[in-house]
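Here the structure is laid out as structure tokens; the discussion comes afterwards.
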Amino acid sequence: SGHGSGGPASGPGQRSLSWEEAGGQQAEGGLLLEDEKGQVKVISGKALAGLFRAFSSVKCVLLNACYSQAQAEALVQHVEYVIGMKRAVNDHAAIVFAEAFYDAIAAGRPIEDAFNLAKNAIIMEGLTGGDIPVILKKNS
Numbered sequence: 004s005g006h007g008s009g010g011p012a013s014g015p016g017q018r019s020l021s022w023e024e025a026g027g028q029q030a031e032g033g034l035l036l037e038d039e040k041g042q043v044k045v046i047s048g049k050a051l052a053g054l055f056r057a058f059s060s061v062k063c064v065l066l067n068a069c070y071s072q073a074q075a076e077a078l079v080q081h082v083e084y085v086i087g088m089k090r091a092v093n094d095h096a097a098i099v100f101a102e103a104f105y106d107a108i109a110a111g112r113p114i115e116d117a118f119n120l121a122k123n124a125i126i127m128e129g130l131t132g133g134d135i136p137v138i139l140k141k142n143s
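For the sequence shown, the working numbering gives the first residue as 4, with consecutive numbering after it.
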């Protein structure tokens with residue numbers, strides 16, 4: 004995999020955070036994330052939810068990793084919109100999705116419209132997997 008790096012980083016020194024993207028490989032019970040030293044850690048959905056509970060300004064999280072729907076379901080308790088992948092997604096499709104999603108957001112499109120445009124971009128590229136991304140909305 005390897006897709007999904009990017010988006011604003013979160014950290015104790017930041018005052019406001021509106022977007023976050025987490026990418027990495029899916030592990031049993033969590034996401035595999037790599038730290039600055041190259042060490043891999045499994046982060047559970049519960050741990051991710053606890054992190055984002057502390058960042059009330061986050062409006063959308065894109066979990067651009069295979070099988071990340073379970074983590075998305077944990078996060079949506081604390082974040083308005085969470086996008087995850089319901090099964091394996093190839094790197095090219097994941098990149099096309101992320102680029103189209105962020106392009107639409109940068110153009111001022113609402114989150115749900117950007118999500119739909121990004122799913123369509125996968126199909127327009129002639130790739131499979133346009134049905135893999137899922138969007139969850141808080142309190143829905």
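Where is the CB? At the ideal position from N, CA and C, for every residue including glycine.
For residue i, which residues of its own chain have a beta-carbon under 7 Å away from its beta-carbon, when the five flanking residues on both sides are left out?
| i | result |
| --- | --- |
| Lys89 | Gln72, Ile135, Val137 |
| Leu51 | Gln74, Ala77, Leu78 |
| Tyr105 | none |
Starting from the C-beta of residue i, find all residues in its chain whose C-beta is less than 6 Å away, skip the five residues before and the five after it, and write them out in chain order.
| i | result |
| --- | --- |
| Ala101 | Asn67 |
| Glu37 | Val43 |
| Leu139 | Ala75, Val79, Val85 |
Since residue i sits in a beta bridge, which residues does DSSP pair it with?
| i | result |
| --- | --- |
| Ser47 | Gly33 |
| Pro113 | Paired residues: none, contrary to the question. |
For residue i, count neighbouring C-beta atoms within 10 Å of its own C-beta (all shown protein chains included) and say buried if the count is 16 or more, exposed if not.
| i | result |
| --- | --- |
| His81 | buried |
| Val129 | Reading off the sequence shown, one finds Gly at residue 129, where the question assumed Val. Flag for Gly129 reads exposed. |
| Val61 | buried |
| Gly41 | exposed |
| Gly132 | buried |
| Val99 | buried |
| Glu24 | Note that Glu24 has pLDDT 45, beneath the 50 cutoff, so the model's placement of it is unreliable and the number below is only indicative. Burial call: buried. |
When you compare only the Cα positions, how much space is there between residue i and residue j?
| i | j | result |
| --- | --- | --- |
| Ile86 | Lys122 | 11 Å |
| Ala57 | Pro113 | 24 Å |
| Val92 | Ile125 | 11 Å |
What first and last residue would you give for the beta strand (DSSP E) that runs through residue i?
| i | result |
| --- | --- |
| Leu78 | Not the beta strand (DSSP E): Leu78 falls in the alpha helix (DSSP H), residues 72–78. |
| Leu139 | 136–140 |
Leaving out five residues on either side along the sequence, give the residues of the same chain with a beta carbon under 8 Å from the beta carbon of residue i.
| i | result |
| --- | --- |
| Pro15 | A caution first: Pro15 carries a pLDDT of 39, below 50, which makes its placement in the model unreliable, though a value can still be read off. There are no such residues. |
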